[in-house]
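Colleague: In terms of our numbering, the sequence shown is residues 3 to 123. Here a beta-carbon is modelled for each residue, glycine too, at the ideal position from N, C-alpha and C. Since the structure is predicted, the reported quantities are computational estimates derived from the model, not experimental observations.
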Amino acid sequence: MNTSETHNQRMASMTFASVYPHYVTKVVRKGKTVEELHRVITWLTGFDDAKIQELIEAKVTFETFFAEANLHPNASLITGMICGYRIEEIENPLTQKVRYLDKLVDELANGRKMEKILRGQ
(Lines of atoms letter the chains of each structure in order from A; the text may use other names.)
(Lines give C-alpha, C1' and ligand atoms only; values in the text may rest on other atoms or scores of the structure.)
Protein backbone atom coordinates (compact mmCIF):
# COMPACT_ATOMS: atom_id res chain seq x y z
CA MET A 3 0.00 0.00 0.00
CA ASN A 4 1.30 3.37 -0.94
CA THR A 5 1.22 6.00 1.78
CA SER A 6 1.64 9.63 0.82
CA GLU A 7 5.04 11.29 1.07
CA THR A 8 3.54 13.76 3.57
CA HIS A 9 2.36 10.87 5.72
CA ASN A 10 5.78 9.21 5.56
CA GLN A 11 7.56 12.45 6.49
CA ARG A 12 5.18 12.98 9.41
CA MET A 13 5.96 9.48 10.67
CA ALA A 14 9.72 10.08 10.33
CA SER A 15 9.63 13.37 12.25
CA MET A 16 7.29 12.25 15.04
CA THR A 17 9.15 11.64 18.30
CA PHE A 18 9.01 8.34 20.11
CA ALA A 19 8.63 10.32 23.37
CA SER A 20 5.40 11.87 22.09
CA VAL A 21 3.83 8.47 21.34
CA TYR A 22 5.22 6.39 24.20
CA PRO A 23 2.82 7.78 26.87
CA HIS A 24 -0.10 6.80 24.62
CA TYR A 25 1.27 3.26 24.39
CA VAL A 26 1.55 3.12 28.19
CA THR A 27 -1.98 4.47 28.70
CA LYS A 28 -3.42 2.03 26.19
CA VAL A 29 -1.86 -1.10 27.67
CA VAL A 30 -2.31 -0.14 31.33
CA ARG A 31 -5.98 0.73 30.74
CA LYS A 32 -6.41 -2.82 29.40
CA GLY A 33 -4.76 -4.42 32.44
CA LYS A 34 -1.27 -4.90 31.04
CA THR A 35 1.98 -3.56 32.51
CA VAL A 36 4.75 -1.22 31.40
CA GLU A 37 7.08 -4.20 31.77
CA GLU A 38 5.04 -6.13 29.19
CA LEU A 39 5.10 -3.10 26.90
CA HIS A 40 8.89 -2.90 27.24
CA ARG A 41 9.19 -6.61 26.50
CA VAL A 42 7.35 -6.04 23.22
CA ILE A 43 9.46 -2.98 22.34
CA THR A 44 12.64 -4.89 23.24
CA TRP A 45 11.64 -7.84 21.06
CA LEU A 46 11.05 -5.60 18.04
CA THR A 47 14.01 -3.23 18.46
CA GLY A 48 16.61 -4.90 20.65
CA PHE A 49 16.52 -1.93 23.07
CA ASP A 50 16.72 -2.66 26.80
CA ASP A 51 14.84 -0.60 29.41
CA ALA A 52 17.75 1.83 29.86
CA LYS A 53 18.00 2.46 26.11
CA ILE A 54 14.24 2.96 25.82
CA GLN A 55 14.41 5.57 28.60
CA GLU A 56 17.44 7.23 26.98
CA LEU A 57 15.60 7.53 23.65
CA ILE A 58 12.54 9.00 25.37
CA GLU A 59 14.66 11.58 27.22
CA ALA A 60 16.55 12.46 24.03
CA LYS A 61 13.22 12.96 22.23
CA VAL A 62 14.46 11.08 19.19
CA THR A 63 12.35 10.90 16.07
CA PHE A 64 11.02 7.58 14.84
CA GLU A 65 13.57 7.89 12.04
CA THR A 66 16.41 7.91 14.59
CA PHE A 67 14.65 5.38 16.83
CA PHE A 68 14.49 2.76 14.08
CA ALA A 69 17.89 3.69 12.64
CA GLU A 70 19.39 2.68 16.00
CA ALA A 71 17.23 -0.43 16.36
CA ASN A 72 18.21 -3.98 15.50
CA LEU A 73 14.89 -5.10 14.10
CA HIS A 74 13.96 -8.63 15.08
CA PRO A 75 14.34 -11.08 12.15
CA ASN A 76 10.71 -12.18 12.60
CA ALA A 77 9.34 -8.64 12.38
CA SER A 78 8.13 -9.35 8.85
CA LEU A 79 5.70 -11.86 10.38
CA ILE A 80 3.75 -8.90 11.81
CA THR A 81 0.80 -8.61 9.45
CA GLY A 82 -2.74 -7.34 9.44
CA MET A 83 -4.49 -4.00 9.55
CA ILE A 84 -3.47 -1.02 11.66
CA CYS A 85 -4.75 2.54 11.30
CA GLY A 86 -6.44 1.61 8.03
CA TYR A 87 -3.30 0.19 6.43
CA ARG A 88 -2.37 -3.42 5.73
CA ILE A 89 1.10 -3.59 7.31
CA GLU A 90 2.62 -6.03 4.85
CA GLU A 91 1.65 -3.73 1.94
CA ILE A 92 3.22 -0.53 3.29
CA GLU A 93 6.03 0.37 0.89
CA ASN A 94 7.93 2.94 2.97
CA PRO A 95 10.27 0.93 5.27
CA LEU A 96 10.18 3.42 8.17
CA THR A 97 6.41 3.79 8.10
CA GLN A 98 6.12 0.00 8.07
CA LYS A 99 8.38 -0.29 11.14
CA VAL A 100 6.34 2.30 13.04
CA ARG A 101 3.19 0.34 12.17
CA TYR A 102 4.87 -2.88 13.33
CA LEU A 103 5.27 -1.27 16.75
CA ASP A 104 1.69 0.06 16.72
CA LYS A 105 0.38 -3.40 15.86
CA LEU A 106 2.36 -5.09 18.65
CA VAL A 107 1.06 -2.56 21.18
CA ASP A 108 -2.50 -3.16 19.96
CA GLU A 109 -2.08 -6.91 20.27
CA LEU A 110 -0.76 -6.53 23.82
CA ALA A 111 -3.62 -4.22 24.80
CA ASN A 112 -6.14 -6.60 23.26
CA GLY A 113 -4.94 -9.49 25.40
CA ARG A 114 -3.15 -11.57 22.79
CA LYS A 115 -0.78 -14.09 24.34
CA MET A 116 2.82 -12.89 24.58
CA GLU A 117 4.23 -15.88 22.65
CA LYS A 118 1.95 -14.98 19.72
CA ILE A 119 2.81 -11.26 19.94
CA LEU A 120 6.50 -12.14 19.85
CA ARG A 121 5.94 -14.36 16.82
CA GLY A 122 7.30 -17.48 18.52
CA GLN A 123 10.45 -15.54 19.47
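1) Taking Cβ to Cβ, would you say ASP108 is nearer than 8 Å to ILE84?
2) Of the residues LYS105, HIS40 and ASN94, which one's Cα is nearest the Cα of ASN10?
3) So what's MET16 in DSSP terms, helix, strand or just coil?
4) Taking MET116 as the reference, which of SER20, THR35, MET16 and GLY48 has the closest Cα?
5) Where do the N-terminal and C-terminal ends of the alpha helix (DSSP H) with LYS105 fall, by residue?
6) Closer than 8 Å by C-beta to ALA111: which residues in its own chain qualify, once you throw out the five before and the five after it? Chain order, please.
7) On the three-state DSSP scale, how would you describe THR66?
8) Quick check on ILE43: does DSSP put it in helix, strand or coil?
9) Check the C-beta distance from ILE54 over to HIS40 and give it rounded, since I have them as a contact under 8 Å.
Modeller: Let's see:
1) yes
2) ASN94
3) coil
4) THR35
5) 95-111
6) LYS28, VAL29, ARG31, LYS32 and LYS34
7) helix
8) helix
9) 6 Å
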